[in-house]
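**Student:**
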Amino acid sequence: MADKDTPQEVAAKFIDKLKASPFVMIGLHDGQHSEPMTAQIDDDQPNTLFFFAGRDNRIAKGGAAMAQFVGKGHDFFACMAGDVSTSNDRAQIDKLWNNQVEAWFPGGKEDPNLTLLRFDIDSAELWETDISIGGRLKMLFGGTIQSDESSSHAVVNSIA
348 MADKDTPQEV AAKFIDKLKA SPFVMIGLHD GQHSEPMTAQ IDDDQPNTLF FFAGRDNRIA
408 KGGAAMAQFV GKGHDFFACM AGDVSTSNDR AQIDKLWNNQ VEAWFPGGKE DPNLTLLRFD
468 IDSAELWETD ISIGGRLKML FGGTIQSDES SSHAVVNSIA
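Right, here's the structure in full:
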């Protein structure tokens, strides 16, 4: 795969894609399946995703985790490794709270089942699949895609 962009450029595109469609599959390394969750992004805390969840959610116990992302246009993919922990800081809850979250928690910010989880990202592998017009035609009608018609790929320790 051709790496047209620097790892930092690919990471910046990832953040933009995640903000546009903040849904990831996340699961702990405990043998249970991953589940879809809505990531909350705080630009002041790079390399961290937040999730509002029920205290009984399967990832609420925390630990080593993996999260996967697919851009809504299927033009970007990410796999992130890190650790999930509880972060019930009231200021952070207030900062990230929105109408979509409130729809899941009828008791609002005081809902006894509410918990804020943080996913601290240790590393990520990112793929942008923006294939050139020539590459798309080759995919449609047969042919070999050359490296300059391919997309970008990065392995990063920071998505910031």
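Going by our numbering, the first residue of the sequence shown is number 348, and it counts up by one from there. Just so it is clear, CB atoms sit at the ideal spot from N, CA and C, and this is done for glycine as well. As the structure is a prediction and not an experimental result, all values here were calculated from the model.
Determine the direct distance from the alpha carbon of E382 to that of E475, and round the result to whole angstroms.
**Tutor:** The straight-line gap from Cα to Cα measures roughly 23 Å.
**Student:** Among residues of its own chain, excluding the 5 on either side of T462, which ones have a beta-carbon nearer than 8 Å to its beta-carbon?
**Tutor:** Excluding positions up to five away in sequence, the list reads F399, A400, G401, R402, N404, A407, T433, N435.
**Student:** Where does F398 fall in DSSP's three states?
**Tutor:** F398 falls in the strand class under three-state DSSP.
**Student:** Using the rule of at least 16 other Cβ atoms within 10 Å of the residue's Cβ for burial, across every protein chain shown, is K360 buried or exposed?
**Tutor:** K360 comes out buried.
**Student:** So, using beta-carbon positions, are G378 and A412 closer together than 8 Å?
**Tutor:** The answer is no: Cβ separation not under 8 Å.
**Student:** Can you tell me where the beta strand (DSSP E) holding I468 begins and where it ends?
**Tutor:** Element bounds for I468: 461-475.
**Student:** Which residue comes first and which comes last in the beta strand (DSSP E) that contains I406?
**Tutor:** Neither: I406 is in no beta strand (DSSP E) and is coded neither H nor E.
**Student:** Mind checking F397: buried by the 16 CB within 10 Å criterion, or exposed?
**Tutor:** Burial call: buried.
**Student:** Tell me the rounded alpha-carbon separation between T353 and D430.
**Tutor:** Roughly 26 Å separates the two Cα atoms.
**Student:** Determine the DSSP secondary structure at Q355, reduced to helix, strand or coil.
**Tutor:** Note: Q355 maps to helix in three-state DSSP.
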